[in-house]
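Undergrad: Its first residue numbered 0, the sequence shown is counted upward by one per residue in numbering that gives the first Met the number 0.
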Amino acid sequence: MPEANAVLKRFNVEEFLSPATLTRADAIVAEIFGMMFGLEIEVVEASDPGPDAPGSDERTAVVGFSGAMRGSCHIRMTGQAARSIASAMLGGAPIEEGDDSIDDALGELCNMLAGGWKNGTPGLSSECALSPPTVISGRNYKVHMIKPSVKVSRLYQFDVHTLHLTLCCEDLESPQA
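1. Okay, do the segment 97-115 and the segment 17-36 touch, 3+ Cβ pairs below 8 Å being the bar?
2. Give the DSSP-derived three-state secondary structure of Leu89 in the structure shown.
3. Helix, strand or coil for Gly66, going by three-state DSSP, please let me know.
4. Please classify Arg82: does DSSP put it in a helix, a strand, or coil?
5. With Val134 and Ala87 assumed to form a contact (beta carbons below 8 Å), what rounded beta-carbon distance in angstroms separates them?
6. Quick one: Cα of Gly97 to Cα of Thr165, how far?
7. If we count the other Cβ atoms within 10 Å of its Cβ and call it buried at 16 or more, is Arg75 buried or exposed?
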């Protein structure tokens with residue numbers, strides 16, 4: 000059993016901002032989409048929003064990190080993309096708009112992505128906990144995080160939909176902290 004007075008080694012911002020963060024994220028996104036949904040997913044340039052219409056109903060799922068790293072994992076997509084994910088999670092069953100399984104599926108996807116990224120990151124696997132997912136839906140909303148923080152983002156495309164992934168890490172060494 001770990002000693003109660005042991006000091007937790009913080010995951011620093013330089014480690015978080017290294018290219019390995021997005022490399023791990025890309026790998027876990029591809030693995031989960033391939034295994035869970037049988038879908039190929041690829042990185043697209045952020046300047047190309049893809050076929051999903053901006054300003055349409057969107058859903059965002061957020062999972063928090065605490066422990067060696069404090070921050071969050073966000074995934075954002077249109078309501079139609081979230082419905083497609085829910086259907087894939089339920090074996091292709093048709094999903095009606097407004098069905099609770101849509102938010103459940105989006106929250107679970109975010110949890111799998113956050114957990115997969117965390118578990119593949121040296122120093123975080125057993126030293127960082129995840130919060131339960133929170134799902135937000137609507138139009139033109141913003142998710143505000145505790146500042147100061149740094150983030151990395153990536154846009155992916157699957158079928159005709161896009162998934163926007165953002166990982167945030169608190170910068171506890173910032174003069175504003």
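Quick reminder that beta carbons are idealized off the backbone N, C-alpha and C, glycines included.
TA: Concretely, from the data shown:
1. Yes, they touch.
2. When secondary structure is reduced to three states using DSSP, Leu89 falls in the coil class, being assigned neither helix nor strand.
3. Three-state result, Gly66: strand.
4. Residue state, collapsed to three classes: helix.
5. Contact flag wrong, Cβ pair sits at about 17 Å.
6. Annotation: Gly97 to Thr165 spans about 25 Å, alpha carbon to alpha carbon.
7. Label assigned to Arg75: buried.
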